[in-house]
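Beneath this line is the structure, given in structure tokens, with notes to follow.
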Amino acid sequence: MTTDSTLTPQHTASGAPRAGGAADLAGRTVSRIGYGAMQLEHLRADRRAAIALLRRVAELGVDHVDTAHFYGDGFVNDVIRDAFRPEDGITVVSKVGADPEPDPGAARTLRPAQRPEELRASVEANLTGLGLDHIPVVNLRRLDAGPGLRAEGDQRVDLDDQLAVLTALRDAGKIGAIGLSGVTLDILRRAVPAGIVCVQNAYSLVTRDDEEMLRLCAAEGIAWVPFFPLGGAFPGVPKVTDDPAVLAVARSLGHTPAQIGLAWLLRHAPHVLLIPGTANPRHLEENIAAGAIHLDATTLAALDAVARPTGSG
């Protein structure tokens with residue numbers, strides 16, 4: 001599903017300008033604005049629309065797609081497999097650490113799957129669902145930080161045991177590189193020697209507790225890939241689009257508050273890669289357009305000054 005581009009680094013393999021510009025991910029040149037595929041599950045009843053949306057993703061210069069087998073209990077990976085062609089040059093990033101709840105009566109909830117044998121099985125499920133024999137990057141969702149699932153009981157697994165199985169899968173050629181998701185600063189420091197290529201944590205203009213971790217990633221050449229880049233995904237988490245400073249900038253520049261939040265992330269640090277997700281074609285185009293928004297020094301200062309909670313990172 002991934003091919004090497006013979007064009008300039010600013011263009012995808014299919015010739016489109018890379019959305020948001022170009023950046024490095026695990027030694028590959030990718031678009032700084034990628035696509036988070038989780039919300040494709042909302043198109044389960046309209047597979048044709050899901051495939052059309054992914055085709056539009058490639059047309060708009062996105063060649064970095066984030067997914068997981070547990071998105072839609074395999075549906076999302078299945079659609080990705082059918083939508084993209086080798087000439088699209090798509091770099092697929094998947095993740096492990098959770099599984100769909102096995103109860104057929106459950107409403108597609110997730111359960112932790114942190115044990116080494118579960119991580120290995122999840123990688124195999126991703127390979128099968130995506131129709132690949134090699135996944136460029138696999139993120140370990142550790143469940144240490146951020147909103148959502150928490151590991152308890154026998155799901156509290158030592159990091160070294162988890163990295164050992166992922167390293168073995170990397171050595172076997174089944175995955176290309178290892179990333180982390182939902183981790184603390186201490187966990188990242190422990191994991192760096194394993195060759196971590198990216199970190200996915202909840203992070204946005206209004207929720208910046210992980211600033212020290214972002215700086216460590218910059219120093220180590222690790223991509224920072226914020227999930228929930230507009231906040232507000234869980235109760236009590238502030239929304240970027242509700243912040244007065246963001247609303248004022250959006251009005252003055254003629255863009256949506258969401259676009260301002262995404263544009264700020266791209267300007268905040270050069271190693272930031274975005275994976276905003278949507279099942280709406282119009283929102284997709286708006287997200288991509290955020291990569292072309294210019295924020296001058298005065299505007300950036302106003303956004304940088306937005307109050308944010310303090311945290312341990």
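The sequence shown begins at 1 in the UniProt record's numbering and counts up by one. Even glycine gets a Cβ: it sits at the ideal position worked out from N, Cα and C. Just so we're clear, the structure is a prediction, and the values are computed from it rather than from any experiment.
Rounded to the nearest angstrom, the gap between the Cα atoms of Val240 and Val306 is 10 angstroms. Taking a contact to require three or more Cβ pairs closer than 8 angstroms, the stretch 222 to 232 and the stretch 194 to 208 qualify as touching. Here the stretch 31 to 42 lies against the stretch 60 to 68, with 3 or more beta-carbon pairs under 8 angstroms apart. CA-CA distance, Ile222 to Glu101, rounds to 32 angstroms. In this structure, the beta-carbon distance from Pro112 to Leu159 does not fall below 9 angstroms. Our two residues, Ala245 and Leu253, have alpha carbons roughly 12 angstroms apart in a direct line. Here Arg141 is buried: its Cβ has 16 or more other Cβ atoms, across all protein chains shown, within 10 Å.
Listed in chain order, the beta strand (DSSP E) runs fully inside the stretch 21 to 106 are 22 to 25, 28 to 31, 64 to 66, 91 to 96, 98 to 100, counting runs of at least 3 residues.
Along the stretch 142 to 209, the alpha helix (DSSP H) occurs as fully enclosed runs of 4 or more residues at 159 to 171, 185 to 191, listed in sequence order.
Separation of the CB atoms of Leu265 and Asn287 is rounded to 11 angstroms, and the pair is thereby denied contact status at 8 angstroms. Glu59 and Ala49 have their alpha carbons spaced roughly 15 angstroms apart. Taking the Cα of Arg282 as reference, the smallest distance to any Cα among Asp24, Leu54, Ala26 is reached at Leu54. With respect to the 9 angstroms criterion, Leu163 and Ala125 are not classified as neighbours on the basis of their beta carbons.
Excluding five sequence positions before and after Ile175, the CB atoms of its chain that fall closer than 6 angstroms to its own CB belong to Ile135, Val138, Leu169, given in chain order. Taken atom to atom, the span from the alpha-carbon of Ala26 to that of Ile178 is near 9 angstroms. Counting of Cβ neighbours within 10 angstroms places Ala269 among the exposed residues, the total staying below 16. DSSP places Leu110 in the uninterrupted beta strand (DSSP E) bounded by 110 to 112.
For Arg251, the enclosing alpha helix (DSSP H) starts and ends at 244 to 253.
The beta carbon of Val57 sits closer than 6 angstroms to the beta carbons of Tyr35 from its chain, once the five residues preceding and following it are set aside; these are given in chain order. Cβ-Cβ distances below 7 angstroms link Val79 to Leu40, Arg47, Ala50, Ile51, Leu54 in the same chain, with the five nearest sequence neighbours on each side left out; the list follows chain order. Take the alpha-carbon of Leu132 and the one of Lys95: they are about 15 angstroms apart.
Boundaries of the alpha helix (DSSP H) harbouring His283: 281 to 289, taken from the DSSP string.
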